[in-house]
Structure formats: structure tokens, C-alpha cells
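Residue numbers (the UniProt record's numbering): 1 to 149.
Where a beta carbon is used, it is the ideal one built from N, C-alpha and C, also for glycine.
A short worksheet on the structure shown next.
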Amino acid sequence: MIPSILVGNVTIQFFVSLLQPPVPIWISSLPPGHKMRPAGYYIMEDIVAVDGGGRSAFRKVLNQRYESSPIFQCLVYEMTVFWATGALVFIGVSVAFAFGTSLNFAFGATLIWFPVWGLLGFLPTVLWVQRRLSQETDSFRLKQNQIST
Numbered sequence: 001m002i003p004s005i006l007v008g009n010v011t012i013q014f015f016v017s018l019l020q021p022p023v024p025i026w027i028s029s030l031p032p033g034h035k036m037r038p039a040g041y042y043i044m045e046d047i048v049a050v051d052g053g054g055r056s057a058f059r060k061v062l063n064q065r066y067e068s069s070p071i072f073q074c075l076v077y078e079m080t081v082f083w084a085t086g087a088l089v090f091i092g093v094s095v096a097f098a099f100g101t102s103l104n105f106a107f108g109a110t111l112i113w114f115p116v117w118g119l120l121g122f123l124p125t126v127l128w129v130q131r132r133l134s135q136e137t138d139s140f141r142l143k144q145n146q147i148s149t
């Protein structure tokens, strides 16, 4: 059940972020007083800026893109909802394993279920993101054509 506990805590944070409360403290690069962004934004920001070495330059560019693109905002929101909903499914299946099977089976099943769940969410995420980014590119082209004419 350990993966479920971890996923459960993160899921709560995902759903709270969708309510967009004002943040009382710094959250990544968002200063106090601003509305919280969907959790997917912070995951993307921290993975690329910290783990990927993008540093503060990436944070600035990501912030500009988020603020200037309604399609990108929608994508981040949709991904947060999708991942949070998938997390609820993960927790439900894990609880079913834990309380519906023997202890040994439940232990093994929850450990195997974690990467399976990740893979099941990977393909829809990739396809969804590609589709939305294509829409965003088309939108920028349309705006550019309107400006130049």
C-alpha cells in the first residue's frame, strides 16, 4: 500500500491546485498572493528547471508561455485533471488488492501495479499533449497571419 499512500497525498494536492486558491508562500516560481496554478505546471517546471538543468531561464519562459497562451493553460489544467483522476483509479485498484486478496499477493500486486499504471497513463498523455501543442501552434500561426495582414 506504500505507493498508494504516496499517490494519495499527491492526488490531494492535485485537486487542491485545481481550485486555484491564493498561495500564502512561494510555490516554485510563483510568489505569495497569486492564484495557484494546476499541479501539472509545477511538475513540469521543477523537472525541467531543476532536474533537466533549465534553471531560472526555463522558469521565466514557461511562465511567459503559460500567461500568454490560453491553449497551453487549458492543456496544463486538462493534464492535471487526467493525472488526478488516474491517481484515484490507482488508489481504488490498490485498495481492492489490499483488502480483497491475501497479504502476499496484495504486496506484490501493488508493487507491479505502480509501473503498469504509469504506462497506462503515458500513451494518452503523449497523444493529448501533441494534439494540444499542435492546436497552439496553429493558433499562433493564425494570430501571426492576422498581425501581418
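Rounded to whole angstroms, what is the Cα-Cα separation between I147 and A57?
Their Cα atoms are separated by approximately 28 Å.
Just checking, does the stretch 55-75 make contact with the stretch 93-103 on the three C-beta pairs under 8 Å criterion?
The stretch 55-75, when compared against the stretch 93-103, does not touch it at the 8 Å Cβ threshold.
Please report the straight-line C-alpha distance between I27 and R55, rounded to a whole angstrom.
In a straight line, the C-alpha of I27 is about 15 Å away from that of R55.
Starting from S69, follow the alpha helix (DSSP H) in both directions and report where the run begins and ends.
S69 -> no alpha helix (DSSP H), and no H or E assigned at all.
Endpoints, the alpha helix (DSSP H) within which K143 is located
Residues 103-148.
Segment limits, alpha helix (DSSP H) that includes G54:
Where G54 is concerned, there is no enclosing alpha helix (DSSP H), given that its DSSP letter is neither H nor E.
Considering I25, what are the terminal residues of the alpha helix (DSSP H) in which it resides?
Unbroken run through I25: none, as it is neither H nor E.
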